[in-house]
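Heads up, the thing below is written out as structure tokens.
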């Protein structure tokens, strides 16, 4: 029997193994380089065309107008820094909904979104309009309410709000409360919602208003003063009794609360000349209630205006800590001023 033996040189075997290792190492290095390069290219592409711009208008309303073409929409969004690339936005729109897939309307983007998410939302009419919690504190004027809303709502027009509210004579009739307004709320909607809330709240205490034998206008004007003059329900009711008594005896109300409304100065800023300011709201130079409310009062102040506590007091003052001090006579009132104000 013949046996054929093939001779293997150990050196050749070692050389072959080393060559394979070298090829593997080279291949691994190339693959890693490829991955790094691909990663860099992807990031360059993403941040150049897909990612949201650094100045993306998060927290604001973006409007897409009725009848705009896709190219007009992409230009508008590019100008508003919603997207970086018009081309990729238009591609994304066509993929999501076709050439005419963009839906008009107001879109609210709470956070930054990339071009594909923006396109998807616009083709699906996903407006992102969720109510925003907004608190209007007691005692704000129409002017002050407009400032609060202007800061929280991008499309809110403060000048139109003031114009509409003043024309409708709604100072005092916009109820202070916590509201949930949509981001695209307009001035007329705010007025309608706040005034309806006022009427709903008044309905709950209509019996108190009827029992007071005062008109709603008189009650609201008095309540607007009490809102500024006192803090607690009891002190508001005592001051309510004092001020209604002053009116009954023909004494001027002489309240400082009207001066922030007239000239923007509070009690501690007023001079003797300020007290002579010509205004129908000046309660030092005119008797009775001013012609309109000076704030938008809360329910507690309105109740206090309908339920005055009768006392012998005719005078009162508040110290810098908000504590009330009452007096029967003017001399006693002057002593309180020396003790608690000066």
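In our numbering, the protein residues as written are 7 to 348. Note that CB positions come from ideal geometry on N, CA and C, so glycine has one too.
Nonlocal neighbours in the same chain, by C-beta distance under 8 Å from residue 131, ignoring five residues either side: Excluding its 5 nearest sequence neighbours in each direction, residue 131 has C-beta neighbours in its own chain below 8 Å: 109, 111, listed in chain order.
Minimum C-alpha distance to residue 236 - residue among 155, 205, 153, 303: 303
Would you mind listing the alpha helix (DSSP H) stretches within the region 79–146 that are 4+ residues and don't spill past its ends, in chain order? 92–103, 121–129
Whole angstroms are fine: how far does the CA of residue 55 sit from the CA of residue 91? 5 Å
In its own chain, which residues sit with a C-beta less than 6 Å from the C-beta of residue 231, not counting the 5 before and 5 after it? 261, 263
So the beta strand (DSSP E) residue 249 belongs to, where does it begin and stop? No beta strand (DSSP E) contains residue 249, which is instead part of the alpha helix (DSSP H) from 239–254.
Alpha-carbon spacing of residue 322 relative to residue 255, whole angstroms: 17 Å
Tell me whether residue 178 is buried or exposed, calling it buried when 16 or more other Cβ atoms sit within 10 Å of its Cβ. buried
Per DSSP, which residues does residue 323 bridge with? Please list them. 331
What is the C-beta distance between residue 267 and residue 300, in whole angstroms, given that I count them as a contact (C-beta under 8 Å)? 4 Å
Nearest to residue 75 (by Cα), restricted to the options 99, 52, 57, 187: 99
Rounded to the nearest angstrom, what separates residue 122 and residue 59 at their Cα positions? 13 Å
When we look at the beta-carbon of residue 234 and count the other beta-carbons within 10 Å, is it buried (16 or more) or exposed? Buried.
Could you pull out every residue in the same chain whose Cβ sits closer than 7 Å to the Cβ of residue 81, ignoring the five residues on either side in sequence? 92
Between the region 281–299 and the region 159–167, do at least 3 Cβ pairs fall closer than 8 Å? no
Using 8 Å as the threshold, is the C-beta distance between residue 244 and residue 320 below it? No, Cβ-Cβ distance for residue 244 and residue 320 is not below 8 Å.
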